[in-house]
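Novice:
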Amino acid sequence: MNANPIGVFDSGVGGTSIWKEIHALLPHENTIFLADSKNAPYGQKTREEIIALSVKNTELLLARGCKLIVVACNTATTNAISFLREKYEIPFIGIEPAIKPAALNSGTGTVGVLATKGTLSSNLFLKTSKDHAGEITIVEQEGIGLVPLIEAGKINSSETIQLLISYIKPMLEANMDHIVLGCTHYPYLIPVLKDLLPPHVNIIDSGGAVAKQTLAVLNKGNLQNPKKTPGKIQFYTNKDTKILTSFLKDVDESKQIAYLNF
Ligand code: DGL
Numbered sequence: 173m174n175a176n177p178i179g180v181f182d183s184g185v186g187g188t189s190i191w192k193e194i195h196a197l198l199p200h201e202n203t204i205f206l207a208d209s210k211n212a213p214y215g216q217k218t219r220e221e222i223i224a225l226s227v228k229n230t231e232l233l234l235a236r237g238c239k240l241i242v243v244a245c246n247t248a249t250t251n252a253i254s255f256l257r258e259k260y261e262i263p264f265i266g267i268e269p270a271i272k273p274a275a276l277n278s279g280t281g282t283v284g285v286l287a288t289k290g291t292l293s294s295n296l297f298l299k300t301s302k303d304h305a306g307e308i309t310i311v312e313q314e315g316i317g318l319v320p321l322i323e324a325g326k327i328n329s330s331e332t333i334q335l336l337i338s339y340i341k342p343m344l345e346a347n348m349d350h351i352v353l354g355c356t357h358y359p360y361l362i363p364v365l366k367d368l369l370p371p372h373v374n375i376i377d378s379g380g381a382v383a384k385q386t387l388a389v390l391n392k393g394n395l396q397n398p399k400k401t402p403g404k405i406q407f408y409t410n411k412d413t414k415i416l417t418s419f420l421k422d423v424d425e426s427k428q429i430a431y432l433n434f
């Protein structure tokens, strides 16, 4: 079991930002990444649709022997992870907007959250934001249109920049000093965001925390791969291997990137 892979899935290529954090911390683990780009974006879908897609991705990863699954998608985590944990026996690790560290470190008392509609309307997000409602003001913003642009590789396009300008405007007007990236596609927008945000605004994403949690869960379940050689790395997309490859150009290790109909 310990040599079995860690499965990671997202609605598309964005979850590779999380995979990179996991791989940096756990280079000896075998990993399989699924980019469900054919069905992206998940953010505008109903809870039932998001659960059905998450089950489909999980079944594929289980069929390939995964010992643990990382749901590298805020939208799938906030809508489907409790369902997955009830239905399957292996451990699931999820990602949700990191409101807590932003709230703890905010000096102005205002934090912006950029996420999908599916995440912002989920019960899990409502609970987390309510838990911090006494301490801080949260300015929520749906990132409508951003995931399709990132999926098309248009990170630096004027369309992306214009959308970001309009999305951060109300947050800046409310005097935020932290912006929480509540979607695993958005870390790829950090260079653009840095140009648009004043220097005192901190950008928070949860990739590092997810990797640490993955390590902790492997340790707790005694599931670590004891090998000292680099893990086998497999990436699958059901849409465009060229786009997925472009998001992995900074991954030097030998890796397999392939189309799979799922
Ligand atoms: N990466 C997904 C997330 O973290 C994108 C959601 C979408 O497909 O709309 O929420």
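Take the sequence shown: its position 136, counted from the start at 1, is 308 in this note's numbering, and no numbers get skipped.
Note that the Cβ used here is the ideal one computed from N, Cα and C, for glycine as well.
#1: Can you tell me whether DSSP reads residue 207 as helix, strand or coil?
#2: Could you tell me which uninterrupted alpha helix (DSSP H) segments, each at least 4 residues in length, are contained entirely in the segment 329 to 396, listed from first to last along the chain?
#3: I'd like to confirm something about residue 246: is its beta-carbon nearer than 8 Å to some heavy atom of the ligand DGL, or not?
#4: At the level of alpha carbons, what is the spacing between residue 431 and residue 415?
#5: Does the ligand DGL have even one heavy atom less than 8 Å from the beta-carbon of residue 319?
#6: Let me confirm a value: residue 223 is counted as buried when at least 16 other C-beta atoms fall within 10 Å, else exposed. Which label applies?
#7: Let me check one thing: in DSSP terms, what residues is residue 240 bridge-paired to?
#8: Measuring straight from C-alpha to C-alpha, what distance separates residue 236 and residue 305?
#9: Just checking my contact of residue 346 with residue 282 at CB under 8 Å: how many whole Å lie between their CB atoms?
#10: Excluding the 5 residues flanking residue 400 on each side, which residues of the same chain have their C-beta closer than 8 Å to its C-beta?
#11: Between residue 267 and the ligand GDP, is there a pair consisting of the residue's CB and a ligand heavy atom that are separated by less than 8 Å?
Specialist: So, from the listed chains and residues:
#1: By one-based count along the sequence shown, residue 207 stands at place 35. Under the three-state reduction of DSSP, residue 207 is assigned to strand.
#2: Counting only runs that start and end inside the segment 329 to 396, the alpha helix (DSSP H) elements of at least 4 residues fall at 330 to 345, 362 to 368 and 379 to 392.
#3: Within the sequence shown, numbered from 1, the residue matching residue 246 stands at position 74. Yes, the Cβ of residue 246 comes within 8 Å of a heavy atom of the ligand DGL.
#4: Here residue 431 refers to the residue found at position 259 when the sequence shown is read from its first residue. Here residue 415 refers to the residue found at position 243 when the sequence shown is read from its first residue. If you draw a straight line from the Cα of residue 431 to the Cα of residue 415, it is about 11 Å long.
#5: For the purposes of this step, residue 319 is taken as residue 147 along the sequence shown, with counting starting at 1. Using a cutoff of 8 Å, the CB of residue 319 counts as near the ligand DGL, since one of the ligand's heavy atoms is closer than that.
#6: Locating residue 223 in the sequence shown gives position 51, counting from the first residue. Residue 223 is buried by the Cβ-count criterion.
#7: Within the sequence shown, the letter at position 68 stands for residue 240. 178.
#8: The count along the sequence shown starts at 1 and reaches residue 236 at position 64. The count along the sequence shown starts at 1 and reaches residue 305 at position 133. Our two residues, residue 236 and residue 305, have alpha carbons roughly 42 Å apart in a direct line.
#9: As a first step, residue 346 must be located in the sequence shown, where it is residue number 174. As a first step, residue 282 must be located in the sequence shown, where it is residue number 110. Indeed they touch by this definition, with Cβ atoms about 5 Å apart.
#10: Walking along the sequence shown from the start, residue 400 turns up at place 228. If we look at residue 400 and ignore the five residues flanking it on each side, its Cβ neighbours are 200.
#11: Only the ligand DGL can be found as ligands here, which leaves the ligand GDP out of the picture.
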